[in-house]
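Residue numbers (my numbering), protein chains in the order written: chain A, 190 to 667; chain B, 190 to 667.
Here's the structure, in structure tokens; my notes come after.
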């Protein structure tokens, strides 16, 4: 591994703009001496003469002996720091003018402005954490729900790494047995005994890797939100419903630009579960050609969803359901479908009570596709009636298993891909053993499996491109 | 002074949302014990058993023995802390979810969520700083230019307080001499000797207070920006000019909602000087009645400005200047007037070179009002030609004196008002002495002068309403 530019001293503003307090981090072999150049303690020795894990009050000296700020400096010495290097943290008043001035002074005295995630990258390069733990730092900062927080916390604290380490031990044991078999390959009776033990171990390994691969669908839903498509004709009230849903919970809607994700769609946290709403173009009742194009586009988006909200105007329920049911129903297989009978306030009184009791679409749909498993709810999106009930249905439809901080759940696409490759390799190992393939060929697949597991935690095999991709989406100062 | 609720322990998130690091402050007599309840050090004793000014790594314990975050806790013991009370600062990963969880745990264990500025208010109530220093904390955080930063830093570090303290000593000396005079009022020869010394001291005091009052125009311009009105007919290019000015410097335009100010208009920092642009409605060439209403409205805003940019369409310079000059010129007395000849690219070539060398409005205006002191510049706002030159003219027109960190400049309206009252009182003292008013009457005015000076630094005379007004505009966590 090419140890990228870890020889210099980096600095970055680690807090967002606009608070009462702003913190600047400095890390590298000159961190303490450079900080000493711009900082005068209110009393006592300079930082170089102080113990680590102490705080020192004093001021930052600007040019022309002006005082830039009164600050508190935290002192750390490698390897007992986040990065594993000598580090300081300068806690200033939260003025961007002051923070910029302090940054300029640090740079003038020999620091370099850190890139995204460079502190965590150094922590990884200096052996303070493995790659999956480093990735969890970004996930932790981006976490917006109890479940995503739990997953990231377990991963950051090494839960996933321990699981992988146990797998690695088992695989190494398997490999050594395989090689033992190779050494004694003349003794046929020895081979048969080993092969039985080998396939038992391989089967255990396969089970664990398979479990991890399977956990990704849950992990991904927790991290990025359960994808919910809202479909329906344009006049059915799709936008009104989306607004009603989002406004209800606007306070906890996350607009944070992902540290590990690119762009986030409208997401909403309902009872600790993150939902991600997929915008589909309303299906218009125009000429047949245009309509089918509109339907096709919406349906492509629908395919990404695991929950589908089909919004229907209650005043023309039959027409709308009949117009789309043959196209909607087949596409919803394997998904949770919720029929949202909107505008139930606009149905006349007699009908309305019916509508609330047993929505008019029920029989239509049941007769159309009796095998389809769906829920139905009547709402009035504009008046925000029934929204809470709809949210309950969404939570029920999400049906995510409870994740505790002890559960290892894969939520990272890179890990998922590496595990999938590892799973393929272990399958080849099992297949090879079942058809009596020679030990050296099986051994190759075992090594490939080990390689893919090692990719996750990183190390000597990790190249700069992989590192670059991982850390470029971190925030500055982390 | 009613010591407002300083008996409980407060907590607040002190950093803005979205950074790599988030900090929670805790202050009050239970700060350390409450933090201990939710925090487990990675090794060693609990916080209660540790020395102040140390950092401890460990984790925050949530419910069901879940780990909320791995954190660093800073420890302070009163009176050696910002608030003067026992305090901790919990440095977490910058996730709003985590910060909210930690806040909830603190509150569940006996903390109260702090109001705006409550930490600084406690620092004041506990005698760590006077009121003018407390106010400077908010100014420091809001500072966006070198000059506003210098003013706030001087005030926070007690420069203003020292000046006031010297004034107070002089006034107390004067008062004691006056009372001495009262005691010996039978001895006429003694009185005359004293009166001469008294008026000398009173004159010194008057000089200092007057200087401080006068400095407010500079201080206010530095803090809130130099008010610049852009006037002109709607088709003259007023909006284009404003956009050109702002876009040029968009990167350093401040959108921070003031901690001590209410709403900030469009402001721009040019070469370290803050300008505040006052929007005036364009004067329309419609019927006479409407036009005059439009002019009146714009002129009311013009009155607040110290610099006036009069934007004129070069292609109809004569008409536009003649239409408004009789109304503009008299209102610009005491202000800096800059004639901005816009659209100079649209004048034909021969004229254009004229326009650039000597703008066509020059002679017109000079003949109209020969005594008026003004500058003139040709620009093409749409093409952004001449904008840099216009900025130079603005900086020149600003003509702010250089402020150093040793200069005491008043920038706070509350201080300005108190000083103005103090000035009136000292004037009455001087008047009383000159007309030979009896010592006890003069003494009353001296005490009033002292009272107004004391209002600035605060103390026993400060009531809750004043405190409330000062701290309500602080940010939370400060």
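All C-beta atoms, glycine included, are put in the ideal place defined by N, C-alpha and C.
Cutting at 6 Å between CB atoms, please list the residues of its own chain near residue i, excluding the five before and the five after it.
| i | result |
| --- | --- |
| residue 246/A | 231 and 261 |
| residue 244/A | 261 and 263 |
| residue 672/A | Residue numbering for chain A in the displayed model covers 190 to 667; residue 672/A lies beyond these limits and cannot be assessed. |
| residue 539/A | With a pLDDT of only 49 at residue 539/A, under 50, the local geometry of the prediction cannot be trusted, and the value read off the model is given with reservation. Closer than 6 Å at Cβ, skipping near neighbours: no residue. |
| residue 241/B | 264, 265 and 266 |
| residue 339/B | 592 and 594 |
| residue 586/A | 496 and 525 |
| residue 315/B | 273 |
| residue 440/B | Model confidence at residue 440/B stands at a pLDDT of 32, short of 50, so the residue's coordinates are unreliable; what they give is reported in the following sentence. Cβ within range, chain order: n/a, list empty. |
| residue 546/B | Annotation note: pLDDT 46 at residue 546/B (below 50); position unreliable, no value reported. |
Considering only the alpha carbon of each residue, which of the options lies closest to residue i?
| i | options | result |
| --- | --- | --- |
| residue 563/A | 574/A, 525/A, 532/A and 585/A | 525/A |
| residue 406/A | 360/A, 597/A and 566/A | 597/A |
| residue 419/B | 411/B, 412/B and 429/B | 429/B |
| residue 519/A | 497/A, 346/A and 236/A | 497/A |
| residue 611/B | 213/B, 634/B, 625/B and 206/B | 634/B |
| residue 385/A | 416/A, 622/A, 266/A and 211/A | 622/A |
| residue 667/B | 324/B, 566/B, 196/B and 203/B | 203/B |
| residue 345/A | 584/A, 313/A and 410/A | 313/A |
| residue 640/A | 265/A, 606/A, 238/A and 601/A | 606/A |
| residue 286/B | 321/A, 337/A and 322/A | 337/A |
| residue 662/B | 356/B, 221/B and 323/B | 323/B |
| residue 501/A | 514/A, 276/A and 665/A | 514/A |
| residue 282/A | 309/B, 283/B, 294/B and 304/B | 309/B |
| residue 400/B | 356/B, 425/B and 363/B | 356/B |
| residue 398/B | 628/B, 354/B, 318/B and 331/B | 354/B |
| residue 528/A | 318/A, 427/A and 221/A | 427/A |
| residue 333/A | 627/B, 233/B, 506/B and 207/B | 207/B |
| residue 256/B | 331/B, 521/B, 294/B and 506/B | 294/B |
| residue 490/B | 508/B, 511/B and 517/B | 517/B |
Can you tell me which residues form a DSSP beta bridge with residue i?
| i | result |
| --- | --- |
| residue 250/A | 256/A |
| residue 502/A | 531/A |
| residue 243/A | 264/A and 243/B |
| residue 282/B | 210/B |
| residue 525/B | 496/B |
| residue 456/A | 465/A |
| residue 564/A | 527/A |
| residue 276/A | 216/A and 265/A |
| residue 301/A | 199/A |
| residue 569/B | 574/B |
By Cβ distance below 8 Å, which residues in the same chain neighbour residue i in space, the five residues on each side in sequence not counted?
| i | result |
| --- | --- |
| residue 572/A | 534 |
| residue 296/A | 200 and 302 |
| residue 609/A | 402 |
| residue 544/A | Any answer about residue 544/A is weak, because its pLDDT of 46 lies below 50 and its placement is not dependable; what the coordinates show is given next. Answer for residue 544/A: 503, 530, 533, 536 and 567, listed in chain order. |
| residue 335/A | 461 |
| residue 434/A | 457, 466, 576, 579 and 580 |
| residue 599/A | 349, 401, 402, 404, 405, 408, 605 and 608 |
| residue 209/B | 282 and 283 |
| residue 459/B | 438, 580, 583 and 584 |
| residue 619/B | 388, 391, 392 and 395 |
Looking only at its chain, what residues have a beta carbon closer than 7 Å to the beta carbon of residue i, apart from the 5 residues adjacent to it on each side?
| i | result |
| --- | --- |
| residue 358/B | none |
| residue 494/A | 416, 417, 418, 467 and 524 |
| residue 387/A | 363, 366, 367 and 622 |
Answer yes or no: the CB of residue i versus the heavy atoms of the ligand ZN, is any distance below 6 Å?
| i | result |
| --- | --- |
| residue 642/B | Looking at this structure, you won't find the ligand ZN or any other ligand, since it has none at all. |
Are the stretch 244-258 of chain B and the stretch 218-228 of chain B touching by the rule of at least three beta carbon pairs closer than 8 Å?
yes
The stretch 215-225 of chain A / the stretch 264-275 of chain A touching (three or more Cβ pairs under 8 Å)
yes
Is there contact here, the stretch 650-658 of chain B with the stretch 604-617 of chain B, by at least three beta-carbon pairs under 8 Å?
no
Between the stretch 389-398 of chain A and the stretch 461-468 of chain A, do at least 3 Cβ pairs fall closer than 8 Å?
no
Using a Cβ distance threshold of 8 Å, determine whether the stretch 641-648 of chain B contacts the stretch 345-359 of chain B, with at least three qualifying pairs required.
yes
Which runs of the alpha helix (DSSP H) spanning at least 4 residues fall entirely within the stretch 382-443 of chain B, listed in chain order?
427-437
For the stretch 574-617 of chain B, which segments carrying the alpha helix (DSSP H) assignment without a break, of at least 4 residues, lie completely within its bounds, in sequence order?
576-587
Is the stretch 321-332 of chain A in contact with the stretch 278-298 of chain A, if contact means three or more CB pairs nearer than 8 Å?
no
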